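Enquirer: For the sequence shown, position 33 (counting from the first letter as 1) is numbered 32 according to numbering that gives the first Met the number 0, and the numbering increases by one without interruption.
Quick one: this structure, given as structure tokens, is what I'll be asking you about.
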Amino acid sequence: MIHLLKEVGRGKRGARDLTYEEALQAAEAILGLTATPAQIGAFFIAERIKMESVEELEAFVSVLRKHAARSDLPQGIDCAGPYDGRKSSFISTIATSFVLAAAGLPVTLHGSASLPPKWGMTLADVFAAMGISDPSLSRELCLEAARQTGVLYAHAETWCPPLAKLRPIREELGMRTVLNTAEKFADYGHSPFLTFGVYHNTVFDRLGRLIMNLGYERALIIQGSEGSDELYIHRPTRTYRIEHGEASLQIIDPESFGLDTPLPEVDWTPAEQAAVTGQVLQGKGNMAFMYQVLLNAAVRLHLADRVQSVEEGLYTGKALLESGKPRELYEKWQAVLKNQPLTV
Numbered sequence: 000m001i002h003l004l005k006e007v008g009r010g011k012r013g014a015r016d017l018t019y020e021e022a023l024q025a026a027e028a029i030l031g032l033t034a035t036p037a038q039i040g041a042f043f044i045a046e047r048i049k050m051e052s053v054e055e056l057e058a059f060v061s062v063l064r065k066h067a068a069r070s071d072l073p074q075g076i077d078c079a080g081p082y083d084g085r086k087s088s089f090i091s092t093i094a095t096s097f098v099l100a101a102a103g104l105p106v107t108l109h110g111s112a113s114l115p116p117k118w119g120m121t122l123a124d125v126f127a128a129m130g131i132s133d134p135s136l137s138r139e140l141c142l143e144a145a146r147q148t149g150v151l152y153a154h155a156e157t158w159c160p161p162l163a164k165l166r167p168i169r170e171e172l173g174m175r176t177v178l179n180t181a182e183k184f185a186d187y188g189h190s191p192f193l194t195f196g197v198y199h200n201t202v203f204d205r206l207g208r209l210i211m212n213l214g215y216e217r218a219l220i221i222q223g224s225e226g227s228d229e230l231y232i233h234r235p236t237r238t239y240r241i242e243h244g245e246a247s248l249q250i251i252d253p254e255s256f257g258l259d260t261p262l263p264e265v266d267w268t269p270a271e272q273a274a275v276t277g278q279v280l281q282g283k284g285n286m287a288f289m290y291q292v293l294l295n296a297a298v299r300l301h302l303a304d305r306v307q308s309v310e311e312g313l314y315t316g317k318a319l320l321e322s323g324k325p326r327e328l329y330e331k332w333q334a335v336l337k338n339q340p341l342t343v
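Right under this line is the structure:
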């Protein structure tokens, strides 16, 4: 590990990118925990200063996937949002997932307890507010819920144990590391389709090349709310679509679909996130959140070639919500994960 540290840690001008083979060695040492905590921390900081290359990221993803449990369920779409959570926006991904599942598109959600640098609310926090606590979420239970509903939730530190062991170092550093990107590509559901959230459009090209190397059939990089993979409903969203080995910038404007809606001010807590999710799936609550779920579902259905256009996806999602099927799947999913019988 020391010889690799010397290459990436020579400072902004002297550092060089590791080759793919060298990056594999570093990833194996870090995720296999054969490197010392000091070496791991030094590597993370050096890479943060240098900025990770596509080859380095690909190597970390490859090794991380080797250490992860990955399901053989029917393949669908992976929704890769920020593991450091959210502070000031609605996590529409949860409700969106059940609309997609109702349309026959399996969904994989994944995350962990909050991480630096943002320390925001995560999926795990919202699920805990629903009465679904991570310690009880065995892989078997999550897989059973996915079989019955089409929505798989993978708690990353359960499905990929090295991430749990590296948490103390990441918390002590308190900043973004190469794992903040790599962990979102774990692909627990072997998904051919991907939505991936980013903070800055400056990473579009680099991540686009990485996604091509990883072999996804289609993907959409989204510069969404708080770095999420969720489209805004009150203004246009920059996205980068990857398909057939090519990437193109696309601006998705809710106004062009008649959905542009001001967002209400909400003091978001995990309990409030859970409450609004339930309201949307019941066809109730503020229309901004309903429209946000419909637009995100429609774009994903189009990405996965389940509909011919975003407009068709909007009609499909609206009809599904009115039918009550997404809500039924949501209630069944909760019942399975709480290991409770579903009340009819």
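Built from N, CA and C at the ideal position, the CB exists for glycine as well.
On a predicted model such as this, the values are computed, not experimentally measured, just so you know.
1. Less than 8 Å separating the beta-carbons of residue 105 and residue 173?
2. Using CA coordinates, which residue listed in 7, 84, 61, 72 is at the minimum distance from residue 227?
3. Is residue 78 helix, strand or coil when you go by DSSP?
4. State yes or no: is the C-beta of residue 193 within less than 8 Å of the C-beta of residue 93?
5. On the DSSP bridge assignment, give the partners of residue 108 in chain order.
6. Mind the definition here: the segment 318-336 touches the segment 137-151 only if three or more C-beta pairs lie below 8 Å; say whether that holds.
7. Just curious, the alpha helix (DSSP H) that residue 222 is in, first and last residue?
8. Just to confirm, are residue 273 and residue 129 a CB contact at a threshold of 8 Å?
9. Within its chain, find whatever has a CB closer than 8 Å to the CB of residue 287; leave out the 5 residues flanking it on each side and keep chain order.
10. Considering only DSSP beta bridges, list what residue 249 is partnered with.
11. What span of residues does the beta strand (DSSP E) with residue 193 cover, start to end?
12. Would you call residue 384 buried or exposed, if buried means 16 or more other Cβ atoms sit within 10 Å of its Cβ?
13. By the 10 Å Cβ neighbour count, where 16 or more other Cβ atoms means buried, how is residue 342 classified, buried or exposed?
14. In terms of DSSP beta bridges, what is residue 120 paired with?
15. Does the separation of the CB atoms of residue 7 and residue 17 fall below 8 Å?
16. Rounded C-beta distance between residue 300 and residue 99? I'm assuming under 8 Å.
17. Please return the same chain residues whose Cβ sits closer than 6 Å to the Cβ of residue 358, not counting the five positions on each side in sequence.
18. Could you check what DSSP says for residue 173 in three-state terms: helix, strand or coil?
19. Taking the alpha-carbon positions, what's the residue 12 to residue 74 distance?
20. State yes or no: is the C-beta of residue 324 within less than 8 Å of the C-beta of residue 148?
21. Classify residue 9 as helix, strand or coil using the three-state DSSP reduction.
22. Go ahead and label residue 109 buried or exposed: buried means 16 or more other beta carbons lie within 10 angstroms of its beta carbon, across all protein chains shown.
23. Could you check the C-alpha separation between residue 221 and residue 59 for me, to the nearest Å?
24. Let's see if you can read the secondary structure: which residues bound the alpha helix (DSSP H) around residue 95?
25. Spatial neighbours of residue 235 within its chain, please: CB distance less than 6 Å, with the 5 preceding and 5 following residues excluded, ordered by chain position.
26. Nearest CA to the CA of residue 240: which residue from 224, 217, 257, 270?
Expert: Based on what the coordinates show:
1. For residue 105 and residue 173, no; Cβs fall outside 8 Å.
2. 84
3. Strand at residue 78.
4. no
5. 78, 152
6. These segments touch.
7. Careful: residue 222 lies outside any alpha helix (DSSP H) and carries neither H nor E.
8. A contact, by the Cβ cut-off of 8 Å.
9. 232, 233, 260, 261, 262, 263
10. 238
11. In the DSSP assignment, residue 193 falls within the beta strand (DSSP E) that extends over 192-196.
12. What the structure shows of the chain is the stretch from 0 to 343, and residue 384 is not part of that stretch, so it cannot be assessed.
13. Confidence in residue 342 is poor, its pLDDT being 45 and thus under 50, which makes the residue's placement too unreliable to answer from.
14. Beta-bridge pairing links residue 120 to 85.
15. yes
16. Going by Cβ atoms, the distance from residue 300 to residue 99 rounds to 7 Å, so yes, they are a contact pair.
17. The displayed coordinates of the chain run from 0 to 343. Any statement about residue 358 would go beyond what the structure contains.
18. coil
19. 44 Å
20. no
21. In the structure shown, residue 9 adopts coil according to DSSP, grouped into three states.
22. buried
23. Roughly 22 Å separates the two Cα atoms.
24. 92-101
25. 250, 252
26. 217
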